[in-house]
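So the sequences go chain by chain: A and B.
Residue numbering for the first sequence follows UniProt numbering, beginning at 1 and increasing consecutively.
Residue numbering for the second sequence follows UniProt numbering, beginning at 1 and increasing consecutively.
Have a look at the structure below, then the notes.
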Amino acid sequence: MPKSSTLLLKSSGRPIYLDHRPWYSSNGKNHEVYVIGVAGKYNLPTAQGGSASGKTSVARHITKNLGVPWVVIISTDSFYNVLTPEQSKRAFESNYNFDHPDSFDHGLMVEAIKKLKKGLATDIPVYDFSTHSRSPETQRVYGATVIIFEGIFALYYPKLLELMDMKIFVDTDSDICLARRIRRDISERARSPEGILDQYKRFVKPMFDEFVKPTMGNADVIIPRGMDNTVAIDLITKHIQRQLKARELDMMKHSLVRRFSKLSTLPDSLIVMKQTPQLKAIHTIIRDKDVPRSDFVFYSDRISRLVIERGLAELPLTPHAFTTPTNRSYDGFISPQYICGVPMLRAGGVMEKALRQVIKTAVFGKVLIVADPKVGEPRLHYVSLPKGIPKYYVFMMDATLATGASALMAIRAVLDHGVPEDHIIFLAILAAPEGINAVNNAFPKVRIVTSMVDPCLSKSSLTISPGFGEFSGKYFLN
Amino acid sequence: MKHPRVHLLPQNNQLKALMSIIRSKDTARGDFIFYSDRVIRLLVEEGLNHLPVVPKDVITPMNEKYEGVAFQGRICGVSIMRAGESMEQGLRDVCTGVRIGKVLIQRDEATAQPKLYYSKLPADISDRWVLLLDPMLATGGSASKCIEVLHESGVKEDRILFINLICSPEGVKRMLDLFPKLQFVTAEIDEGMDDRKFIVPGLGDFGDRYFGTSD
């Protein structure tokens, strides 16, 4: 028996954040996600149905035409109410009205679409039709630029309509719809043809006439003949593309640097380690272009450990009285239990080791951001964060904080997963004023801890100067 | 206690939490070792800050000049057995291949004075800076005896860095008075000592807890 998750599609089967361009502006605020509602008649073509021409197919076709890999299709079916045992029994006897607007948890729908629209990581329930309840697992959606919300009641609930940027009604021939429904319910939902027809007569048709048909009036566009209407689909796609283009902002590294290189002050959120002779001596070793690689690795590890320890000192304390073995009381403190490291690959991995050495129970997420070689704009290739991350203090780690472009992206991703801004501490071995100010401007409550701040970025290469060059290449490879 | 030759670790939140763990009598031995090692690493890093450096410029991969410094002079560690040996690894972790001498001093029951039982020091110790390792400093009896041993081996007093975890105010005062050029690095200075000359509140017998010889 399939679960509703089969209806939640990731375009082209790729992770939706693959190659993701910035989905936020340089002030760190998320762009609104573009939400499309697609309603239509009471058919729901199967995921396997090749010749289907209903809502899902139209949605998929738009997705394909848009040519962006971060479109997510979410079905109203994921939001069916959990049935009582009695209701469930009736449902198996084809005697339960699934086609009434009250069969859906529309409060949850609104909540989910609201979150998705803000660009926040959202857990979409997975409805299990074999038990008429929600599966314990959920589908996490994050990083989409366009959300397509489809289902017969997609245009029914007023609060949902307010969240939609475009509302589409797919109008298809009723006979074809019935035929499709029969085919789907037999193959996917284990019903008998008699039961389906009876249900159609008693619930589906009257419900459609009463509740769904009037929502055509809420649509911006009605597509007659569904999938076959390629002209309509192309026109819609072009319109969406135009609107998305208008939202794109200049996020390139150069513009960040232009904006923040003029600032001569450094913010209060910056914590620079005490500039001791030892620290300076270690810097002298790792900055030397002729340093043997083994020394570079050894002293990078050592300095990472110091940066980690300084970062941990930012954690708050809870007072607690301890008794020592001499039976004296000691007014001590407890440090928070929930510590999460998020290294920005590759270079941040160096500090992951150091954090593991000092916090045995730390959990780790990973972020891989690669700069587009042509425009220098960061691309989010991979993000994996622990479940329950909102309750953790998060240490984001990178060897350098240069322009701040990847730092902004990584911090935005962590915030979108529900971590409070003041629970994020960004650690870097070396930082430049431009990046520090870019991060502080976007996220003033994120603390930045570094061992040293260099005077500026090199104008031509946008790397820290005098700096220590490309860190991870040296650490991992040559 | 403020003194130009006493270098206290920064009393930040994390250190307070770490000290709380190792001071608690309910802390399991595994945790005691783990967190002691963490503080020891910080102590060693702080200790190294008091070694002399000389200016040294390097060219970075960006072809820019960095005006840095380089370590000057050679170092060695000397651990006061048995507890001091717990600090050797922390030193080795930051100074690979460092030479480490050992000294065993115990109380002579007849005279109640500390007595040297054993010492094995690097042959060229008189040319080196010495990081003297002992986590607990109570009366300062064995520590001062040990510094006398170092003197006899030709070590200059201003080249000795005492690396310590917890000390009594009496102990540290005695050391500073006896050795006017000694530098002293510690994590916390406690209230005092009890009748048995244990540091209070302290953390009990460090060696017993670290090496597991108490039960």
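Ideal Cβ placement from N, Cα and C applies to all residues, glycine included.
Computed from a predicted model, the values in this text were never measured in an experiment.
Assumed close pair residue 166(B), residue 202(B) - CB separation to whole angstroms, cut-off 8 Å: 6 Å
Residue 13(B): contacting residues in chain A (beta-carbon distance under 9 Å): What residue 13(B) touches in chain A: 312, 313, 314, 315, 316, 317, 333, 335.
Cβ-based burial, residue 151(B) [other Cβ within 10 Å; buried from 16]: exposed
Close-in-space but distant-in-sequence residues of the same chain around residue 355(A) (CB under 6 Å, 5 per side omitted): 308, 341, 362
The ligand HEM heavy atom lying under 7 Å from the CB of residue 162(B): Judged by which ligands are present, the structure shown has none, so any question about the ligand HEM falls away.
8 Å Cβ cutoff, residue 88(B) in contact with chain A: no
Cα-Cα separation, residue 89(B) to residue 58(B): Those two C-alpha atoms are separated by around 31 Å.
Environment of residue 53(A) [buried if 16+ CB atoms lie within 10 Å]: Confidence in residue 53(A) is poor, its pLDDT being 44 and thus under 50, which makes the residue's placement too unreliable to answer from.
Residue closest to residue 472(A), alpha-carbon to alpha-carbon, out of 319(A), 301(A), 260(A): 301(A)
For residue 64(A), the nearest candidate out of 230(A), 115(A), 415(A), 426(A) (CA to CA): 230(A)
Stretch pair the region 430-444 of chain A + the region 401-421 of chain A: three plus CB contacts closer than 8 Å: yes
Residue-chain proximity (residue 187(B), chain A), Cβ-Cβ < 8 Å: no
Identity of the residue in 188(B), 21(B), 117(B) nearest residue 32(B) by Cα: Residue 21(B) is the option with its Cα nearest to residue 32(B).
Span separating the alpha-carbon of residue 229(B) from that of residue 42(B): With chain B running from 1 to 215 in the structure shown, residue 229(B) is simply not present.
Distance CB(residue 452(A))-CB(residue 397(A)) smaller than 8 Å: No, these two residues do not count as a Cβ contact at 8 Å.
Residues within the region 58-87 of chain B neighbouring chain A, beta-carbon criterion of under 7 Å: 58, 59, 60, 61, 62, 64, 65, 66, 68, 69, 70, 71
Cβ neighbour criterion (16 or more within 10 Å) applied to residue 477(A): exposed
In DSSP terms, what residue 167(B) is bridged to: 137(B), 189(B)
Residue span of the beta strand (DSSP E) that contains residue 81(B), given as start and end: 75-81
Chain B residues whose Cβ lies nearer than 7 Å to that of residue 309(A): 14, 42
Environment of residue 4(B) [buried if 16+ CB atoms lie within 10 Å]: exposed
DSSP three-state assignment for residue 164(A), whether helix, strand or coil: DSSP places residue 164(A) outside both helix and strand once states are collapsed to three, so it counts as coil.
CB of residue 130(B) within 8 Å of CB of residue 159(B), strictly: Against a cut-off of 8 Å, the Cβ pair of residue 159(B) and residue 130(B) comes out as a contact.
One or two residues paired with residue 456(A) in a DSSP bridge: 465(A)
Strand pairing of residue 171(A), partner residues [DSSP]: 224(A)
Residue burial classification, residue 52(B) (beta-carbon count within 10 angstroms, cutoff 16): exposed
Test: residue 198(B) CB closer than 8 Å to a CB of chain A: yes
Min CB distance residue 19(B) to chain A below 8 Å: yes
Rounded Cβ spacing between residue 400(A) and residue 429(A) (contact assumed at less than 8 Å): Contact holds; Cβ gap of about 7 Å.
Sequence-distant residues of the same chain with beta carbon closer than 6 Å to residue 67(B), five excluded per side: 57
Uninterrupted alpha helix (DSSP H) stretches inside the region 106-172 of chain A (no shorter than 4 residues): Entirely contained in the region 106-172 of chain A, the alpha helix (DSSP H) runs reaching 4 residues are, in chain order, 106-117, 158-161.
Listed by chain order, chain B residues near residue 278(A) by CB distance under 7 Å: 45, 48, 49
Bridge partner(s) assigned by DSSP for residue 320(A): 332(A)
Selected residue, minimal CA-CA separation from residue 149(A), among 163(A), 195(A), 269(A), 279(A): 163(A)
Local conformation of residue 400(A) per DSSP, three classes: strand
Delimiting residues of the alpha helix (DSSP H) encompassing residue 210(B): From DSSP, the alpha helix (DSSP H) with residue 210(B) extends over 206-211.
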